[in-house]
Every structure is written in structure tokens, then in C-alpha cells.
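K.L.:
Got a structure here, written out as C-alpha cells. Questions coming.
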Amino acid sequence: MDKYISLDIGGTYIKKGIVNESGEILKHHKEKTPKTLEELFLLIEQYILQNSDTLALTVSCPGAVTDEGLIQGASAVSYLHGPNIKQMLKARIGLPVYMENDANCAAYAEIWKGAAKDRKDVLVVVIGTGIGGAVVKDGLIHRGANLHGGEFGYMLIPTKTSENGVTWSQIASTKALVKKVAQQKQLDASDLTGEAIFDMADMGDIICIEALEAFYHSLALGIYNLQYIYDPEIILIGGGISERNDLVDRIDGKLTHIIELIEDSTVKPMINTCAFRQHANLLGSVYGFLREKELDILDIN
């Protein structure tokens, strides 16, 4: 069975794995992200030598990845941005190289083996310090004209205090939740976490309970908008918050309320949490490679 080397490059760690064509992770390992581009290349070359029976290298990384191999934008791994990483890797390792944005790889993992399996039109919303995600159309990632497909956090949400509204990230990310509760409790936001807010709400803290009600409502507003903009089969929620057992039910309740108030609104978003977390990007980058190879749209020269 064909095997592939898969890398997930993060700001702190790089994950390495061997994934076969059936989506099985045969082995995996993580280590500190190299400090320089040359150190990264040496790490990759060594791993390929240790696994010489693999057929391609697939890479999940931060930033907006062009077809040519440039990684636009900025991230904690600054040396990725600027040089043509894809072409440099091809020249050094002599294998086909596939590269994709990390959120898009997470979406591909869901399409391949997760909560979006056998679906074609899917949105993945990743909630953390901001809100990002991915757009899947006909089983493939839709990157957009400016490689901003899936940047849902920039969507504007109306508020009473802002003429133009605020971005979805500013009111519906975990960072926004922490900031709001910290202000109300007159605390330093660095001393508070989203997990602590959920715990305090469970213990009856009124400030946290009300903040979470507003938080869920803001999430539902954005999800409602996305449903009517794109009309996906399902909207999947990722990020640390997706581990909350009551997340889907709480958002679903807010969606029901919104739809009841809007005349002629008949389509209720189907939502669920992502199935994969820790190893999603290792799986997703391999699936992206296989999908584009199957469609004969992969540049492997």
C-alpha cells in the first residue's frame, strides 16, 4: 500500500508522520519547530532517508499557500514566508511535494475520514484566539481569488455601539470571550482562560453565564450568515471549544431562536464538531495530495 510522508508545521512543534493511502497513520512523532529554514530542510531530508519507501511529501503549514509554492501572510514561523518553499523542497528531495494551509488540511481530514465524509459542500469554522476555517466545494478546498477563502472571522456583525459593526472574531472568538469577562470582573485577561469561564458558569457565576449566552448567540449569528451565503450541507466547528459536549446543542438552540424571528427563513444550519483534532493536519495534507492527483491537477514536475 502506498505511503506518504506528512508534516504539520506549527509555531512551536512540527509533527512528522507516515500515512498510507487508506488514511492510516502508521507512525507519528513531534519535535520542536526548527529555528531556520535550512534546519527544517535538513530535518525533512533525514526523515525521508529514514522512510525511503514513501512516494511524496505533503505539508500542512500556516499562511496562504499559492499553487506555485509561496506561503503568503505571516505566522510564528517567519522563515516560511518569502522563499518558494515548494520548489526548493522539490529540488532537494526529488519527490512530489504538496503544500496546503493548516485549516484547509483540517477540513480535508474531515472530508476523508471525519464528520464530513461523503459530503461535497462543507464549511469548517475554527474558533480560537480568532476565527478562521475552510470552504470545501465539490470535495475540494476553495481558496478564493485572494487566498482568503475561509477567513470567516473578518465577517462584520452589527452591534449597537459600532456604526459598521465588529468582526466576528472580535465578538465570537475565545479571546473575545475572555476579554469581555475580564473587563466585567476587573481582571487582567492574561489571568483568565476560556476553560475557567466555562467552569465558573457551571458553578453559577452570573457574569460568566451571561457572557456565554451572548457568546453562543454571536456564534449562531455568524453561522446563520454562512449558511445563507454558501448553503453548505454541514458546518463543522473546530478549535479547543469543540471539546465542549454541550457546544452543538447550545448553538443549535440559538439558531432556532434566530430563525423563528426572521420571516421566510426556512433553512436551519446543520452543525457538528470536527472529528479530528491532534492529527487532522497530517491526514488532511495527504488527502489533498491524493485528491488533486486523482483529478490530475497536481503539479508534480
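Everything in the sequence shown is counted per full-length UniProt numbering, starting at 1 for the first residue and increasing by one. Heads up, the beta-carbon is just placed ideally off N, CA and C, and yes, glycines get one too. Computed from a predicted model, the values in this text were never measured in an experiment.
Can you tell me the Cα-Cα spacing of residue 245 and residue 208, whole angstroms?
P.N.:
Your numbering for residue 245 matches position 245 in the sequence shown. Your numbering for residue 208 matches position 208 in the sequence shown. Residue 245 and residue 208: Cα-Cα distance of roughly 18 Å.
K.L.:
Along the chain, which unbroken stretches of the beta strand (DSSP E) at least 3 residues long are found entirely within the region 190-251?
P.N.:
If we require 3 residues or more, the beta strand (DSSP E) runs fully inside the region 190-251 come out as 234-238.
K.L.:
Helix or strand or just coil, what does DSSP make of residue 142?
P.N.:
If you number the sequence shown from 1, residue 142 lands on position 142. Three-state result, residue 142: coil.
K.L.:
Measure the CB-CB distance between residue 239 and residue 127 and report whether it falls below 7 Å.
P.N.:
For the purposes of this step, residue 239 is identified with residue 239 of the sequence shown, where counting begins at 1. For the purposes of this step, residue 127 is identified with residue 127 of the sequence shown, where counting begins at 1. Yes.
K.L.:
Please return the same chain residues whose Cβ sits closer than 7 Å to the Cβ of residue 224, not counting the five positions on each side in sequence.
P.N.:
One-based indexing of the sequence shown puts residue 224 at position 224. Cβ neighbours of residue 224 beyond the five flanking positions: 255, 258 and 269.
K.L.:
For the region 96-107 against the region 211-229, are there 3 or more C-beta pairs whose distance is under 8 Å?
P.N.:
No, because fewer than three Cβ pairs between the region 96-107 and the region 211-229 fall closer than 8 Å, the two stretches do not touch.
K.L.:
Any idea what DSSP makes of residue 257, helix, strand or coil?
P.N.:
Here residue 257 corresponds to residue number 257 of the sequence shown, with the count starting at 1. Residue 257: helix per DSSP, three-state reduction.
K.L.:
Between the C-alpha atoms of residue 137 and residue 150, what's the straight-line distance to the nearest angstrom?
P.N.:
Looking up residue 137 in the sequence shown gives position 137. Looking up residue 150 in the sequence shown gives position 150. Each residue's alpha carbon lies about 12 Å from the other.
K.L.:
Which complete beta strand (DSSP E) runs does the region 87-158 hold, if anything under 3 residues is left out?
P.N.:
Segments of the beta strand (DSSP E) lying fully in the region 87-158: 97-101, 122-127 and 131-137.
K.L.:
Helix, strand or coil: which one does DSSP assign to residue 167?
P.N.:
As a working note, residue 167 is residue 167 in the sequence shown. If DSSP states are grouped into helix, strand and coil, residue 167 belongs with the strands.
K.L.:
Can you give me the C-alpha to C-alpha distance between residue 81 and residue 206, rounded to a whole angstrom?
P.N.:
Position 81 of the sequence shown holds residue 81. Position 206 of the sequence shown holds residue 206. Cα to Cα, residue 81 sits roughly 45 Å from residue 206.
K.L.:
Could you compute how far the alpha carbon of residue 222 sits from the alpha carbon of residue 241?
P.N.:
Position 222 of the sequence shown, counted from the first residue, corresponds to residue 222. Position 241 of the sequence shown, counted from the first residue, corresponds to residue 241. Going by the C-alpha atoms only, they are around 16 Å apart.
K.L.:
For residue 145, count the other beta carbons within 10 Å of its own beta carbon; 16 or more makes it buried, fewer makes it exposed. Which is it?
P.N.:
As a first step, residue 145 must be located in the sequence shown, where it is residue number 145. By the 10 Å Cβ count, residue 145 comes out exposed.
K.L.:
Would a check of beta-carbon distances place residue 70 closer than 7 Å to chain B?
P.N.:
Note that chain B does not occur in the displayed structure, where there is just one protein chain.
K.L.:
Helix, strand or coil for residue 58, going by three-state DSSP, please let me know.
P.N.:
Residue 58 sits at position 58 when you count from the first residue of the sequence shown. Three-state DSSP puts residue 58 in a strand.
K.L.:
Identify whether residue 3 lies in helix, strand or coil by the three-state DSSP scheme.
P.N.:
Your numbering for residue 3 matches position 3 in the sequence shown. Reduced to three states, the DSSP call for residue 3 is strand.
K.L.:
Taking the straight line between their C-alpha atoms, what separation do you get for residue 21 and residue 6?
P.N.:
Looking up residue 21 in the sequence shown gives position 21. Looking up residue 6 in the sequence shown gives position 6. Approximately 12 Å, taken between the alpha carbons.
K.L.:
If we count Cβ pairs, one from each stretch, closer than 8 Å, do we get three or more for the region 71-80 versus the region 157-174?
P.N.:
Touching, no, given that fewer than three Cβ pairs across the two stretches are closer than 8 Å.
K.L.:
Exposed or buried, residue 111, counting other C-beta atoms within 10 Å across all chains shown (16 or more means buried)?
P.N.:
If you number the sequence shown from 1, residue 111 lands on position 111. It is buried - the Cβ of residue 111 has at least 16 other Cβ atoms within 10 Å.
K.L.:
With a threshold of 7 Å on Cβ separation, who are the neighbours of residue 250 within its own chain once the five nearest residues in sequence on each side are excluded?
P.N.:
For the purposes of this step, residue 250 is taken as the residue at position 250 of the sequence shown. Excluding residues within five positions, the ones whose Cβ falls inside 7 Å are 216.
K.L.:
Run the CB neighbour count on residue 158, radius 10 Å, all protein chains shown included, and call it buried at 16 or more, exposed below.
P.N.:
As a position in the sequence shown, residue 158 is number 158, starting the count at 1. By the neighbour-count rule (16 or more Cβ atoms within 10 Å), residue 158 is not buried but exposed.
K.L.:
Could you round the C-beta distance between residue 95 and residue 57 to whole angstroms and report it? I think they count as a contact, below 8 Å.
P.N.:
Position 95 of the sequence shown, counted from the first residue, corresponds to residue 95. Position 57 of the sequence shown, counted from the first residue, corresponds to residue 57. Right, their Cβ atoms sit about 5 Å apart.
K.L.:
Mapping DSSP to helix, strand and coil, what is residue 273?
P.N.:
Indexing the sequence shown from 1 puts residue 273 at position 273. If DSSP states are grouped into helix, strand and coil, residue 273 belongs with the strands.
K.L.:
What residue range is occupied by the uninterrupted beta strand (DSSP E) comprising residue 13?
P.N.:
Locating residue 13 in the sequence shown gives position 13, where the first residue counts as 1. Taken as a continuous stretch (DSSP letters only), the beta strand (DSSP E) holding residue 13 covers 13-20.
K.L.:
Taking all protein chains shown into account, do 16 or more other C-beta atoms lie within 10 angstroms of the C-beta of residue 203, making it buried, or fewer, making it exposed?
P.N.:
Translated into positions along the sequence shown, residue 203 becomes position 203. Residue 203 comes out exposed.
K.L.:
Taking Cβ to Cβ, would you say residue 69 is nearer than 7 Å to residue 87?
P.N.:
The sequence position of residue 69 within the sequence shown is 69, counting from 1. The sequence position of residue 87 within the sequence shown is 87, counting from 1. Cβ atoms of residue 69 and residue 87: closer than 7 Å.
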